[in-house]
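Counting from 1, position 508 in the sequence shown corresponds to residue 860 in our numbering; the numbering is continuous, with no gaps.
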Amino acid sequence: MANMGDREKGQKLGSVLEPKIKPFAPRKGHDPRELRSWAKKTGFVSTFSGETERNMSGRRDLNERFNNDVFVDRVDVEKGGLEKHESISPKIEIDPILGRTRDRGVEIEPVRGGGNGRDNNGVLGLRDGTVRGENERRKNNLSQYGLSNMSNGNGNAAANRNGNMNGRGAEVNEPVVEEKKDDGNFDREVGINVYPDGENSGDGGGLNQSPKIICGPRDNPGVVPLILYGLQHYLSMAGSLIFIPLLFVPAMGGTDKDTAYVISTMLLVSGVTTILHSYFGTRLPLVQGSSFVYLAPALAIMNSREYRNLTEHKFRHIMRELQGAIIIGSIFQSILGFSGLMSILLRFINPVVVAPTVAAVGLAFFSYGFPQAGACVEISLPEILLVLIFTLYLRGISIFGHRVFRIYAVPLSVVIIWTYAFFLTAGGAYNYKGCSPDIPSSNILVDVCRRHAYTMRHCRTDVSDAMRTAAWVRIPYPLQWGIPIYRLRTSIIMIIVSLVASIDSVGTYHSASMRINLKAPTPGIVSRGIGLEGFCSILAGLWGSGTGSTTLTENIHTIDITKMASRRVVEVGAALMILLSFIGKVGAILATIPQALAAAVLCFMWALTIALGLSTLQYTQTTSFRNITIVGVSLFLGLSIPAYFQQYQPNSSLILPSYLIPYSAASDGPARTGNKDLDFAINALLSLNMVVALMIAFLLDNTVPGSRQERGVYAWSSKDEIKTDPASLSDYKLPNRVARCFRWAKCLGV
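Dropping the structure here:
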């Protein structure tokens, strides 16, 4: 009787909420457009394009019974719960050629789960963790109509092994289906298919897959694995930590000794900030280090008009101004995070904003990368080809159970090509009669050597005197380059750049939590991480690394390959980097890498940054015209508008190398407000691709209408979930002693 009452109640409720649509009556000579219209209204999905009239009639009757007897609970994405007695229907998309429908899924948010969000089979659950009971109820209802075998969500049939259709009944347009084999028969369990066409994300696992993590954030794999995996993390990110100083220090007028000391400083700052973030930040196993976000503004500042003809102590003057600008911008970032303002800003930051912003960071250096590498193509081209072969063609090869080529693609290729360049140098490939290999200033004065000086500087492995001049033991210390210089023009630039760095880190936090099967951090935890990143960038400014400190996105790639997500691994690796930073000869050895080789590596790293940025679109509806328009317009104008500002070149282009001229727009741009500092800041910011792309994407994404699923709104954990399941966010909790001191900071997820 209770079941009959519920059934009658469901029928009445369905008749109220859903319009009555007359069944389609097939007849001879019917119009195909009428069939598509009826299918779109009813949600009918045909198993085969050539369905017979008899089967269609039987399916129609059974489809009516199913729609009247089974109603689906509506998922409220705003409240994170189930609101009963309301019906939903999945989005239907008609194939314009075949007339078949494709299930686009229900507009609900996926929840990564360590705990109540994911069951043992890797099926994504709803936000309150009650999906398994709901699945069983719906599965029992389906079995009454012989619907245990249904479509996989993209319109393809899932027949049994014998190839017959017995017992299939009507195919129901369910938004979420996952398939598993048991005793030779297909068994279906209802899950959430977050991909539009039922496809996974490809290599590395997708949103609907549960990656197998060897060690979680709180696990301890042992002493030897800690050391090996710790070094592995940092070796896989050598491109960001080592090769950035190799390019911008010589552009600042620094010597080889200065380059060695900046590399040592970066290793120290990266180690210290990684440990701080592991204990007091989001506590995700992420490495902190120098970011490409700060490289473009640094190039714009160092190529300002007042520094072009400066010869005496040019490096120290530029470094001190960079330090002051980084400190001011980092203070703003700390306030943004620790005050809780970042929680408000998170409402407007979505993958549609993150994707073009991060991609523009890599695109900003297209005029700088290969022009530097092209100075010595016999070194740069083999390097680019070798790193591509390792990462793409040899990525599946395993040596002693380790994907060596995928993890160590950059360091392996660098060592091989570096050795090759050494033999070229020793064999006399770059010996020119009457020209010194040390490339003193006298070479520039000799007509015969002037055209060879640039080639020798970029190709030879013995031009650096860092090995002779650098000390064996040197501890980098704060203010080692002098007292920072604070100027309004550079402070404005770095404040905006720190905002770009924060948006980059937001996407990294979200991706990392999914890779290691954790619930998404709350807005308070994200704010805590951003605030600590600002504090770490202050340390980077005081020590004088030349760039701020942010979360390195490449770290996620390493975790995804090794399945090693232990915090202790990155902490041990950070401690080793601190020890290496005290050995001055380590930085000196790295400073001997030819500049053309460094530029070739960065060409790959910048391309990878573009790809990682665009990969965040997987959390959105990538086929949405709204999204592709916003991303396309943001990227194009993010390149075109800076090109307009960069065309105002200095009076004499002989002052700067050709690859640095685009970064001189800060002093020569078209903005004229009457205030020199404001003109400098406006010209510099609008000549930076990432800033323009951020402004356009942020404006369009938050003003153009779009559903939450279409926009790919990040699903952060809420306070209600913490109350119902406190253990689900235990991996983000601060140490007990620290948490007791900051219990008042509710806005930081403490």
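Cβ coordinates follow ideal geometry from the N, Cα and C atoms, glycine included.
Pairing P703 with T902, the inter-Cα distance amounts to about 19 Å. An exposed status is given to R699, since fewer than 16 other beta-carbon atoms sit within 10 Å of its beta-carbon. By the Cβ test, the stretch 655–670 is in contact with the stretch 1011–1022, since at least three Cβ pairs between them sit closer than 8 Å. Considering only D817, I1034, M916 and S695, the residue with the shortest C-alpha distance to L840 is I1034. If you draw a 10 Å sphere on the C-beta of A872, you find 16 or more other C-beta atoms in it, and that means buried. By the C-beta density criterion, W824 is exposed, having fewer than 16 other C-beta atoms within 10 angstroms.
For T902, the enclosing beta strand (DSSP E) starts and ends at S901 to T903.
The alpha-carbon of S1069 is positioned some 31 Å away from that of L891.
About 5 Å separates the CB atoms of G925 and Y586; that is less than 8 Å, so the two are in contact.
The alpha-carbon of P946 is positioned some 6 Å away from that of H810.
In this model, L598 and V953 are separated by some 11 Å (Cα to Cα). CA-CA distance, R1092 to F742, rounds to 48 Å. In this chain, S897 is not harboured by any alpha helix (DSSP H), its DSSP state being neither H nor E. In the structure shown, V825 adopts extended strand secondary structure according to DSSP, grouped into three states. The residues A940, in chain order, have a CB closer than 6 Å to that of M819 in the same chain once the five nearest residues on each side in sequence are set aside. Each of L870, T899 and G623 was checked against the Cα of A1079, and the nearest Cα belongs to L870.
Where Q1001 is concerned, there is no enclosing alpha helix (DSSP H), because DSSP gives it neither an H nor an E. The C-beta of S1010 has fewer than 16 other C-beta atoms within 10 Å across all chains shown, which makes the residue exposed.
When the alpha-carbon of Y782 is set against those of V858, P602, A917 and R812, the nearest one is in R812.
With contacts defined by Cβ atoms closer than 9 Å, P569 and R919 form a contacting pair. Beta-bridge pairing by DSSP links G641 to T902. At the C-beta level, F667 and S592 stay beyond 9 Å of one another. For the stretch 549–629, the full-length alpha helix (DSSP H) segments reaching 4 residues or more read 575–587, 590–593 and 595–603 along the chain. If you look at E730, you'll find it in the alpha helix (DSSP H) that goes V729 to L740. Counting along the chain, no alpha helix (DSSP H) covers Q832, and no H or E run does either.
Beta-bridge partners of M916 (DSSP): C567.
According to the DSSP assignment, P723 belongs to the alpha helix (DSSP H) that extends over G721 to A725.
Taking 4 residues as the minimum length, the alpha helix (DSSP H) runs contained wholly in the stretch 733–785 are 756–759 and 761–778, in order along the chain. Here N661 is exposed, its C-beta having fewer than 16 other C-beta atoms within 10 Å. Excluding the 5 residues flanking it on each side, G1064 has same chain C-beta neighbours closer than 7 Å at N702, P703, V704, Y971 and T972, in chain order. For C1093, the enclosing alpha helix (DSSP H) starts and ends at N1088 to C1093. With a beta-carbon spacing of about 17 Å, G898 and A716 fall beyond the 8 Å limit used to define contacts. Along the stretch 637–699, the alpha helix (DSSP H) occurs as fully enclosed runs of 4 or more residues at 647–654, 657–660, 666–690 and 693–697, listed in sequence order. Note on F977: under 16 other CB atoms within 10 angstroms of its CB, so exposed under the neighbour-count rule. Beta-bridge partners of I935 (DSSP): V825.
Between S889 and G896, the beta carbon gap of about 12 Å keeps them out of contact (Cβ cut-off 8 Å).
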